[in-house]
Structures are given as C-alpha cells and as structure tokens.
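Asks: All the letters of the sequence shown, read from the start, carry residue numbers 2 to 451 under the numbering used here.
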Amino acid sequence: MDLSCFKAYDLRGSVPEQLNPILAEKIGRAYVAVTGAKKVIVGYDIRLSSPEITEALNSGLMAAGADVYDIGLCGTEQVYFATSHYDMDGGIMVTASHNPKNHNGMKMVGPGSRPISSDNGLNDIRDRVLEPFDNAPKQGSYQSLNVMAAYIDHLLGYVDAATLKPMTIVCNAGNGGAGLVIDELEQHLPFNFVKVHHEPDGHFPNGVPNPILPENRTATADAVKEHGAAMGIAWDGDYDRCFFFDENGRFIEGYYIVGLLADQFLRKTGPGKVIHDPRLIWNTQDLVRAAGGEAIESKTGHAFIKQRMRDEDAIYGGEMSAHHYFRDFAYCDSGMIPWLLIAERLCQSGQTLSSLIDARIEAYPASGEINRTINDPAKVIAAIEKKYSVGAKRISFVDGLSIEFDNWRFNLRMSNTEPVVRLNVESRADTALMEEKTKELLEEMEKLNA
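#1: What do you reckon, are the CB atoms on C75 and G229 nearer than 8 Å?
#2: So Y32 and L62 are in contact, right, with Cβ under 8 Å, and what is the actual spacing, rounded?
#3: Can you list, in chain order, the residues of its chain with a C-beta nearer than 6 Å to that of E78? Leave out the 5 residues immediately preceding and following it.
#4: Which residues share a DSSP beta bridge with M94?
#5: Taking one C-beta from the segment 171-185 and one from the segment 49-60 each time, how about it: are there three or more such pairs within less than 8 Å?
#6: Identify which residue in L146, I28 and E53 has its Cα closest to the Cα of G122.
#7: Does L402 come out as helix, strand or coil in the three-state DSSP assignment?
#8: Quick check on the DSSP output: the beta strand (DSSP E) that includes A296 runs from which residue to which?
#9: So for R423, helix, strand or coil by DSSP?
#10: Using a Cβ-Cβ cut-off of 6 Å (strictly less than) and excluding sequence neighbours within five positions of Q286, which residues of its own chain qualify?
#11: Just mark Q265 as buried or exposed, buried being the case when its beta carbon has 16 or more other beta carbons within 10 Å.
#12: Return the Cβ separation of A220 and V197 in integer angstroms, given the expectation that the two are a contact with Cβ distance under 8 Å.
#13: Note down, one range per segment and in chain order, each beta strand (DSSP E) of at least 3 residues found wholly within the segment 16-77.
#14: Looking only at C-alpha atoms, which of P366, F245, C348 and Y257 sits nearest to L434?
#15: Rounded to whole angstroms, what's the CA-CA distance from D90 to D431? Just pull it up for me.
#16: Provide the residue(s) that pair with V130 in DSSP beta bridges, ordered along the chain.
#17: Rounded to whole angstroms, what is the Cα-Cα separation between A34 and G14?
#18: Taking 8 Å as the cut-off, decide whether the C-beta atoms of P119 and A331 are in contact.
#19: Below 7 Å CB to CB, which residues in the same chain sit around I282 once its five sequence neighbours on both sides are set aside?
#20: With 16 as the cutoff for other CB atoms within 10 Å, does E427 come out buried or exposed?
#21: Using the beta-carbon count (16 or more within 10 Å), is S350 buried or exposed?
#22: Count Cβ pairs between the segment 91-105 and the segment 206-216 that sit closer than 8 Å; are there 3 or more?
#23: In this structure, does DSSP put Q144 in helix, strand or coil?
#24: Just mark S85 as buried or exposed, buried being the case when its beta carbon has 16 or more other beta carbons within 10 Å.
#25: Mind checking N21: buried by the 16 CB within 10 Å criterion, or exposed?
#26: Do D154 and E345 have their C-beta atoms closer together than 8 Å?
#27: Residues bridged to L413 by DSSP?
#28: DSSP three-state call for P366: helix, strand or coil?
#29: What does the Cβ neighbour count give for R290, buried or exposed, with the cut at 16 atoms within 10 Å?
#30: Select from K226, D237, G293 and A231 the residue whose C-alpha is nearest the C-alpha of N207.
#31: Using a threshold of 8 Å, state whether the C-beta atoms of F82 and V148 are closer than that.
#32: Where do the N-terminal and C-terminal ends of the alpha helix (DSSP H) with A266 fall, by residue?
#33: Starting from R429 and walking both ways along the beta strand (DSSP E), at which residues does that stretch end?
#34: Distance, Cα to Cα, L424 vs V381?
#35: Secondary structure at K139, three-state DSSP: helix, strand or coil?
#36: Which of the three DSSP states is assigned to S390 in this structure?
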C-alpha cells in the first residue's frame with residue numbers, strides 16, 4: 002500500500018493513487034489505535050473527493066470504537082475550534098488546502114487541538130495502517146454536530162462591535178469554503194461585502210485557491226479598485242490562511258501583517274508574548290516592543306509555532322506565510338480572526354490600510370521570500386555562513402541561518418521537501434541597501450551552485 006501521502010505535518014496526495022477510501026478507512030482505525038481517542042471531530046473541505054473519503058474515514062474510526070462527531074463541510078479552523086470547544090479527544094480535517102484539485106489529504110489534532118505531526122504520532126499512525134485490525138468490541142456511534150453558531154460567536158468575540166463602522170470589503174473565497182463563513186458573519190457586521198469567486202465549488206472553475214501565486218491575485222485587486230473598497234481579503238481552500246490587499250489593490254506581504262496584528266492584539270490585551278518566525282523579524286520586534294510586548298522567535302512551521310505559543314503562553318503568533326495563531330483559539334491558526342482585527346483597526350483609527358503599512362515598509366524594507374533550486378543546499382549555506390559571519394553582529398540557527406548586521410540582515414534556509422533554498426533579506430530604512438544585498442547573496446548562491 003502506498004503511504005507516500007504521509008508528510009511531516011499532515012497527509013497530502015493525489016486521489017485515488019495516494020489517498021483513497023480504502024486507505025482512509027485504515028487511517029481512521031490507525032488514528033484510534035495510536036491515540037486512544039474515544040470522541041473525534043471530523044470535517045471536510047469542498048473538494049469533490051472529500052465526502053467519500055470522509056465517509057470511509059468515519060467508518061474506520063467507528064470500527065475502532067470511537068464516536069464520530071461530523072461537523073460537515075467546513076474549514077480546518079472549525080475542526081480546531083470544535084475539538085477544543087467541545088472537549089473532544091481529537092479531530093481530523095479532510096482537506097488538501099491549496100494543492101491541485103485532484104488531490105486530498107488530512108490534518109490531525111489531539112486533545113485541546115494539539116497538532117499531530119511526524120514527531121508526535123503521525124508516523125506511528127502511518128506504520129499502524131499496515132498492520133491487521135480487529136474491530137473493537139463495541140462499534141462507535143455517529144452523529145452530526147452543527148458548530149457554526151458557536152464558532153461565529155467566538156469569532157465576533159475578538160472585536161469590539163461598537164467601534165465597527167460601515168465600509169466596503171472585497172472577499173475572495175477562491176471557490177473554497179470561506180464564503181460560507183462570510184455569509185454568516187455578514188449578518189452581524191456593518192460591512193458591505195463584495196464577493197468574488199464566492200460559491201464553494203470543488204471543480205475550482207477559477208483555479209485552485211492559492212493567493213500566494215501572483216496570477217491568482219488579479220481578481221481581488223481589480224475588485225478592490227472597481228468598488229473603492231477599504232481592503233481586500235483572499236483565502237486558500239480551507240481558509241486557515243488569509244491574504245490582504247490595501248485600498249489601492251496592492252497585495253501586502255504577510256510579514257507586515259504579522260506586525261500589524263501583533264500591534265493590534267497587544268493594544269487590546271495589554272502586555273504579552275508574541276511568537277514569530279525567523280525569516281523577517283525587525284518590523285515585528287519593533288512594533289511588539291513599542292506596544293509593551295515581548296517578541297520571541299520560533300522555528301518556522303505550525304507545529305513549532307503552536308508548541309512555542311503553549312510553552313510561552315503567548316497571546317498571538319504569526320508567520321509571514323499568512324498563518325496567524327491565537328491563544329484563545331486553542332493556540333491554533335485562523336484565517337477569519339486576522340481580517341476581523343484589521344477591519345476593527347481601520348474603523349478605530351480612521352486610517353487607510355496603505356497608510357498603516359507604508360510606514361512599516363519604509364522602516365523595514367524586505368525582499369520577500371526568494372526561492373532558488375540548489376544542488377547541494379547544505380554546502381551552499383555553509384559557504385554563505387563562512388563568508389558573511391565575518392563582522393556580523395548576530396548569528397542565529399533558530400531556523401536555517403540568520404546573520405544580522407547593524408543595518409541589514411538575512412535568513413537562508415533549506416526546504417524540508419525539495420532541493421530549494423529560501424532567502425529573505427531586510428534592512429533598516431534603506432531599500433537600496435536591501436536590494437543590493439539581495440542581489441549580492443543571489444549571485445553568491447549562483448556561483449556556489451555552479
């Protein structure tokens with residue numbers, strides 16, 4: 002049996018070659034055998050294969066003796082919410098997020114929505130799939146569970162409704178599931194929503210929802226300009242990531258959103274800890290410090306960020322990849338809470354989104370993440386470390402290589418899954434220096450790779 006769909010943090014693969022109902026049923030049994038879960042939340046995304054895979058997964062869970070609480074078509078964050086809110090033993094989301102439309106997968110959590118990844122059970126589940134099973138002495142039960150009302154109430158608790166004012170917001174669900182939540186929130190908010198690619202459709206008539214790809218941003222940007230919107234929001238398929246556009250239709254790099262959300266959250270809660278990834282850091286650290294908080298670096302990746310948030314009891318965590326984590330959301334990531342907080346900030350401040358962001362880009366211009374295919378990534382990174390460590394102010398290995406000087410810094414890290422090196426460069430209020438050093442590093446990498 003092909004188990005290549007098991008990855009470091011989740012399951013992903015083509016249907017039916019790598020993931021199919023037969024395997025899904027075995028995964029359900031293995032999940033219970035490894036975790037001992039008795040009550041499990043299950044939800045699924047809008048992909049055409051999701052209902053059949055979910056049904057098989059549920060059969061496996063029940064055959065192993067677990068009670069299934071099926072929350073139906075939803076986003077990943079609703080599985081996180083329901084698992085924590087209803088004190089379940091675990092949860093499984095059937096989704097392939099932004100992967101090709103003929104793919105599917107699963108994201109798994111344990112009690113309190115703690116992530117299950119390769120270092121705490123996922124590999125055990127994979128290995129257990131291959132072993133024979135006997136049905137549990139007592140079959141588990143099945144029931145549907147409607148979590149939407151409780152979930153919406155929770156989301157609305159993050160903003161002060163009295164400060165919200167009418168404004169136009171473009172929302173692009175990419176024919177994923179986010180539109181269903183916007184329709185519910187719309188009834189409680191004074192905003193006028195311009196809905197783009199709104200209807201859930203697993204055929205993905207407008208392309209797979211992945212706003213990180215520049216070609217997928219045009220529809221949102223154009224709608225913002227056409228309707229004079231205050232901002233635009235776009236989500237991936239299971240809406241655990243959200244992406245922002247200012248009132249001019251400009252796409253905003255996720256790095257600057259992390260700083261803005263950290264600032265907004267600390268303004269609301271008072272001093273607290275904020276977790277961030279090490280790729281680009283100065284803007285976030287500056288804003289957190291100014292708001293009386295403490296910024297803490299963590300290795301990139303949701304399992305690492307969530308664990309560090311628990312360890313530090315951090316109120317918020319953010320990655321420049323558009324994942325945003327919240328203590329009161331079981332330390333999990335949400336694609337809905339971030340835009341509510343930024344909408345609140347626009348209403349309270351009377352400022353435009355561009356005015357909030359422009360000052361930060363000027364203060365800390367950044368290259369954005371640049372990927373390069375490298376034959377021997379470890380060798381190249383070691384050579385870069387040797388050359389640039391001379392005269393460095395700070396060298397860090399929290400995630401890859403980070404080297405800091407007085408006025409600029411960079412992070413260089415390997416991909417976990419492919420021979421790719423990822424570069425991020427930033428400076429202190431010096432765009433020319435940032436661009437010069439980015440060019441210099443890319444040329445050095447190319448020379449080393451020759």
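Even for Gly, the Cβ is constructed at its ideal location relative to N, Cα and C.
All of these numbers come straight from a predicted model, not from anything done at the bench.
Replies: Judging by the given coordinates:
#1: no
#2: 7 Å
#3: Once the five neighbours on either side are set aside, the close Cβ partners of E78 are D241 and S335.
#4: G44 and K108
#5: No, the segment 171-185 is not in contact with the segment 49-60.
#6: I28
#7: strand
#8: E295 to E298
#9: strand
#10: A296
#11: With 16 or more other Cβ atoms within 10 Å, it is buried.
#12: 5 Å
#13: Annotation: the segment 16-77 contains the following complete segments of the beta strand (DSSP E) (minimum length 3 residues), in chain order: 40-45 and 68-74.
#14: P366
#15: Those two C-alpha atoms are separated by around 51 Å.
#16: Answer is none; V130 lacks a bridge partner.
#17: When the Cα atoms are used, A34 and G14 turn out to be separated by approximately 23 Å.
#18: Reading off the sequence shown, one finds Ser at residue 119, where the question assumed Pro. Against a cut-off of 8 Å, the Cβ pair of A331 and S119 comes out as no contact.
#19: E298
#20: buried
#21: exposed
#22: yes
#23: The answer is strand: DSSP assigns Q144 an E or B state.
#24: buried
#25: buried
#26: no
#27: DSSP, once it has assigned bridges, lists L402 and L424 as partnering L413.
#28: Of the three classes helix, strand and coil, the one that applies to P366 here is coil, per DSSP.
#29: exposed
#30: The option with the nearest alpha carbon to N207 is D237.
#31: yes
#32: Note that residue 266 corresponds to Phe in the displayed sequence, not to Ala. Start and end: G255 to T270.
#33: That residue, R429, is in no beta strand (DSSP E); it is neither H nor E in DSSP.
#34: 12 Å
#35: coil
#36: coil
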